[in-house]
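Numbering-wise (my numbering), the sequence shown opens with residue 8 and increments by one.
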Amino acid sequence: MDTNLVVTSGCKYIDIDAYASIIAYRELLKRQGVNATASTLSTLNQSIPPFILWLKHRLDSADTLKDAKYIVLDTSNPDFFDERVTNDNLIEIIDHHTGFEDYWKNYPNIKTQIEFIGSVCTIIFEKIVSSGYTEILDTDLCKLLVAGILDNTLNLKSSITTDRDRNAYDKLIEIGNISNDFYVEYFSACESEILKDFTKAIKDDIKIEKVGVLPEVIGQMVVLNTNNFNIEKMKDVFAEYPEWLMNVISLEDGKSYLYFNGDSVRERLEKLFDKQCDADDLLVLDKFLLRKQIIKKARDVSFL
Ligand SMILES: [Mn+2]
């Protein structure tokens, strides 16, 4: 009897890169005659809006199949694997997060491909092409993979984006006959999910750490554009903190909108970024920075 192969990802939450790549890899394996399913025990996060779930390629149910072998995508940290995975039933890992490359060298029976590129969807697309099964790339499968690339590379504008990601994106748009505006459809759908509970979305992504001249409390939200971003509602969330900063990353114009409170924070931010504020409580960066990049900058700058 054929072995059951289960393609899965991390525990707790999975994002669109994991969701799309496990489904696409299952499609490739099935086309190659392998008995493969794609499933997760984790919650799907807000990067997987309803219209993505309604595409024709979907997850299989997460049954625990007897004697199943597992393939894990989009994570290589064994502490964060889907709960069904053990080092004994795991046969392959494909990931784009660094940190565990050496660990897996101790397990030569587990095939490992860890590459620091924008998205695992890019790797799966390349696998489909190099194995000669491009015909499985129908419009819906292309949309899944494109969404994974868009999300993980922040609309191809994040510094982790590589030429391989851009090439995969271009090819998928072409093969799937997808509109160049698909990014608007995708990111608007994610934004609507976030805006359903705006306050919770901000609260769930607040980082509290005192670094350099930055306020101790820093929030972050990724939006298509700032049109629907409710500044007053945001200020309510931060009202309990003496000093705060909110990094709103706008994907359409590629800018960071840094909202903050107080004259002192304003002066420190103007110095840090060597830029005048656009308003009493707003500094706009012409190229967006992720919160971790802002924190790194504050840490590296010692003159303040
Ligand atoms: Mn990823």
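Think of the CB as a built atom: it goes at the ideal place given N, C-alpha and C, for glycine as much as any other residue.
Since the structure is predicted, the reported quantities are computational estimates derived from the model, not experimental observations.
How far does the alpha helix (DSSP H) with residue i in it reach, from first residue to last?
i	result
Thr146	Thr146 to Asn159
Thr319	With the chain covering 8 to 311 only, the question about residue 319 has no answer from this structure.
Tyr176	Asp170 to Ile182
Phe189	Phe189 to Lys203
Phe58	Pro57 to Leu60
Thr129	Val127 to Ser137
Phe245	Ile238 to Phe245
Asp67	It is not in any alpha helix (DSSP H) - Asp67 carries neither H nor E in the DSSP assignment.
Lys164	It is not in any alpha helix (DSSP H) - Lys164 carries neither H nor E in the DSSP assignment.
Glu108	Glu108 to Lys112
Would you list the one or two residues that DSSP bridges to residue i?
i	result
Thr233	DSSP output for Thr233 lists no bridge partner at all.
Glu122	Note: Glu122 sits in no beta bridge, so no partner.
Gly17	Phe88
Thr50	Tyr20
Ala43	Leu12
Ile100	Val79 and Thr119
Ile225	Lys214 and Leu252
Whole-angstrom Cβ separation of residue i and residue j, contact assumed at under 8 Å?
i	j	result
His104	Glu122	Not really, about 10 Å apart at Cβ, beyond 8 Å.
Gly16	Ala25	The sequence shown places Ser at residue 16, rather than the Gly named in the question. Ser16 to Ala25, Cβ: 4 Å. Contact.
Phe236	Val255	6 Å
Val220	Arg275	4 Å
Asp95	Val79	With a Cβ gap of about 13 Å, Asp95 and Val79 do not count as contacting.
Thr233	Tyr264	6 Å
Trp111	Ser137	Incorrect: roughly 22 Å between the Cβ atoms, too far for contact.
Ile124	Arg171	5 Å
Leu290	Lys282	6 Å
Ile30	Leu66	7 Å
Pro56	Glu200	5 Å
Asp81	Ser54	12 Å between Cβ atoms; not a contact.
Tyr176	Leu35	At roughly 18 Å, the Cβ-Cβ gap does not stay under 8 Å, so Tyr176 and Leu35 are not in contact.
Asp74	Asn11	7 Å
Ile185	Thr160	With a Cβ gap of about 16 Å, Ile185 and Thr160 do not count as contacting.
Would a check of beta-carbon distances place residue i closer than 8 Å to chain D?
i	result
Asp204	Included in the structure is just one protein chain, with no chain D present.
Over what stretch of residues does the beta strand (DSSP E) that includes residue i continue unbroken?
i	result
Tyr77	Lys76 to Leu80
Leu252	Trp251 to Ser257
Ile215	Ile213 to Ile215
Residue ranges of each alpha helix (DSSP H) run of no fewer than 4 residues wholly in the stretch 260 to 301, ordered along the chain?
-> 270 to 280
With ligand 1 as the reference, list in chain order each residue whose Cβ lies under 7 Å from any of its heavy atoms.
-> Asp22, Asp24, Ala25, Asp81, His103, Ser126, Val127 and Asn159
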